[in-house]
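Undergrad: Have a look at this one before I ask anything.
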Amino acid sequence: MIPFIYLKKKTKFVVALALLCIITVEPWRVNSAEQRLLVNMTLVANARDTGALCLDGSLPAYHLDRGYGAGQNNWLLQFEGGGWCNDLPSCLERAQTRRGSTRYMTKLEVFSGILSNNATLNPDFYNWNRVKLRYCDGASFTGNRVFNNGTTKLYFKGQKIWEAIIGDLLPKGLGKAHKALLSGCSAGGLATFHHCDNFTKYLPINASVKCLSDAGFFLDGRDVSLNHTMRYFVKSLVTLQGIEQNLNKNCTSALSYPDLCFFPQYALKYISTPYFILNSAYDVFQFHHILVPPSADPRGHWNHCKVNPAACTPDQIDTLQGFRLSMTAALKPFYFYSSRGGMFINSCFAHCQSESQETWFGADSPRINDKTIAEAVGDWYFSRNRSKAIDCAYPCDKTCHNLIPYINSGHLEEDTGNLSTSFPVLLSEFSEKRI
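With the UniProt record's numbering as the guide, the letters of the sequence shown map in order to residues 1 to 435.
Structure below.
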């Protein structure tokens, strides 16, 4: 699901970034008889007492599917994703959608992939208490400010929303958790970097607590016109929503520009809780809006390549390979020096792979070294095996589900029809080994 809302042409890039949403596909069907798991919404009734409100002032919410059996004391929390808003026009627009208000959200949410309650589809976490935290603040659950000019009021209260949801879940069993995993996808994956260590403080000291980011490792990189488009976007986001106060203090004190700590590559080394990073080296959102934002490609030379990697020119492929190298370089210290960390960096053109059954765990799911994402995460969480893998470069991996969103006139739009495609091989096999 990639709902992008665009304002005026002159702000097309800013709004595209501001309203990034997650690429997902319909839950994979094992057979025609399988039913989708739909989970009811729970509003946090006392959130108004602490000002923990969505952009429009509505109550925050989550969806909880109870665990059972051996998993009844284990908890998996999943931050919903959906981009950011970094200026008043985009936040005002967002406040009138499901990305800024629970009034517009569906009251039933599909749980699939890592949230599935089916042991065949989700063997390690199916019987845990599984929670989806709905996203309505526009800053990855990190802001803490109210804008009020007398006629317009916006609540930038992501940090308070996080605290309110946790406070609501603690007496429901989270406070007595034996095992816990804090996860998230896209902007929700980014949220895990900023709340991982804090999450452990709410739980019993003897609980096994770990964190997982899916497609949340957004790079601080230059675009193809050599501009720091994403860095400037983040700076305005941090300023608008009062985020700096909630970033990792060790990180902000170490950097000359504290707002850079919003980027995972700077915050990661200060996280002490065991962490797993799931990401594509050719993340579709980052490809379209960090590496090649519309502002850097006004004539649309990259349009065909964005839709289909097989249409990329050799020079464009070289640029994509350079982006992959930037990502692996940023992850190198974590790969070599994190003794409790895990990693699955594949070479699929995708964005978010844990909530889609097709990419999480299935007969034809993406693999590295013949291991699915679900198996890699399970091996890491339960310490069954070392679980750090970086895929060889595109196009060597034949297991990919390349989930490319539909692009029309520069707008990134929702398209749940045919997102899973097998692209023809453009280049000869790479000799690089998976490490």
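Positions of the beta carbon are idealized from the N, C-alpha and C atoms, including for glycine.
#1: Work out the CA separation of isoleucine 271 and tyrosine 335 for me, nearest whole Å.
#2: Okay, do the region 46–56 and the region 108–117 touch, 3+ Cβ pairs below 8 Å being the bar?
#3: Pick out whichever of Phe217, Thr273, Leu240 has its Cα sitting closest to the Cα of phenylalanine 287.
#4: Please confirm whether aspartate 223 and glutamate 244 have their CB atoms less than 9 Å apart.
#5: In three-state terms, what does DSSP make of asparagine 248?
#6: In this structure, how does DSSP classify phenylalanine 334 when only helix, strand and coil are distinguished?
#7: Return the chain-ordered list of same chain residues with a C-beta closer than 6 Å to the C-beta of arginine 130, the five sequence neighbours on each side being excluded.
#8: Sort Asn198, Lys235, Phe111, His351 by Cα distance to methionine 41 and report the nearest one.
#9: Measure the alpha-carbon distance for lysine 306 versus alanine 207 and round it to whole angstroms.
#10: Quick one: Cα of asparagine 73 to Cα of leucine 226, how far?
#11: Identify the continuous alpha helix (DSSP H) that holds cysteine 230 and give its terminal residues.
#12: For the alpha helix (DSSP H) containing tyrosine 266, name the first residue and the last one.
#13: Which partner residues of arginine 367 appear in the DSSP bridge assignment?
#14: If you draw a straight line from the alpha carbon of aspartate 137 to that of glutamine 316, how long is it in whole angstroms?
#15: Nearest to lysine 210 by CA position, among Cys261, Asp397, Ser383, is which residue?
#16: Check each candidate in Phe349, Leu55, Gly167, Leu92 and name the one with the smallest Cα separation from alanine 310.
#17: Go through its chain and collect everything with a Cβ distance to valine 377's Cβ below 8 Å, but skip five positions before and after it.
#18: Which one or two residues does DSSP pair with proline 83 in a beta bridge?
#19: Rounded to the nearest angstrom, what separates leucine 268 and glutamine 241 at their Cα positions?
#20: State the beta-bridge partners of tryptophan 75 as determined by DSSP.
#21: Using the Cα positions of glycine 143 and glutamine 159, report the straight-line distance between them to the nearest angstrom.
#22: Could you tell me which residues DSSP puts in a beta bridge with cysteine 185?
#23: Give me the Cα-Cα distance between proline 314 and histidine 304, rounded to the nearest whole angstrom.
#24: Which whole-angstrom value describes the C-beta separation of aspartate 297 and histidine 351, a residue pair presumed to lie in contact below a C-beta threshold of 8 Å?
#25: Are the CB atoms of glycine 221 and leucine 291 within a distance shorter than 9 Å?
#26: In its own chain, which residues sit with a C-beta less than 6 Å from the C-beta of asparagine 122, not counting the 5 before and 5 after it?
#27: Within the same chain, show all residues whose beta-carbon is closer than 6 Å to that of threonine 252, passing over the 5 residues directly before and after it, in chain order.
#28: For isoleucine 161 versus tyrosine 202, is the C-beta distance shorter than 9 Å?
#29: Pop quiz: serine 140 and leucine 190 are said to be a contact at Cβ under 8 Å. What is the actual Cβ separation, rounded to whole angstroms?
#30: Using a 10 Å radius around the Cβ and a threshold of 16 neighbouring Cβ atoms, would you call proline 171 buried or exposed?
#31: Give the DSSP-derived three-state secondary structure of valine 284 in the structure shown.
#32: Between Gly173, Arg145, Lys107, Asp214, which lies nearest to phenylalanine 193 when the distance is taken from Cα to Cα?
#33: Considering only DSSP beta bridges, list what tyrosine 275 is partnered with.
#34: List the endpoints of the continuous beta strand (DSSP E) containing lysine 388.
TA: By the coordinates alone:
#1: So the alpha carbons of these two residues sit roughly 14 Å apart.
#2: no
#3: Phe217
#4: Not a contact, by the Cβ cut-off of 9 Å.
#5: Here asparagine 248 sits in coil by DSSP.
#6: helix
#7: Asp65, Leu76, Leu115
#8: Phe111
#9: Annotation: lysine 306 to alanine 207 spans about 44 Å, alpha carbon to alpha carbon.
#10: 50 Å
#11: Residue identity differs from the one stated: residue 230 is methionine in this sequence, not cysteine. Residues 229–241.
#12: For tyrosine 266, the uninterrupted alpha helix (DSSP H) segment begins and ends at 264–267.
#13: According to DSSP, arginine 367 shares a beta bridge with Thr372.
#14: 35 Å
#15: For the residues Cys261, Asp397, Ser383, the minimum Cα distance to lysine 210 belongs to Ser383.
#16: Phe349
#17: If we look at valine 377 and ignore the five residues flanking it on each side, its Cβ neighbours are Ile114, Asp124, Leu212, Phe276, Leu278, Gly342, Phe344, Ser354, Ser387.
#18: Note that residue 83 is glycine in the sequence shown here, rather than proline. DSSP, once it has assigned bridges, lists no residue as partnering glycine 83.
#19: 22 Å
#20: Per DSSP, the beta-bridge partners of tryptophan 75 are Asn129, Ala180.
#21: 5 Å
#22: BP columns for cysteine 185 point to Asp214.
#23: 13 Å
#24: About 19 Å separates the two Cβ atoms, so there is no contact after all.
#25: yes
#26: The beta carbon of asparagine 122 lies closer than 6 Å to those of Ser116 in the same chain, with the five residues before and after it left out.
#27: Pro258, Cys261
#28: no
#29: 5 Å
#30: exposed
#31: helix
#32: Restricting attention to Gly173, Arg145, Lys107, Asp214, the CA atom closest to the CA of phenylalanine 193 is found in Asp214.
#33: Cys211
#34: 388–390
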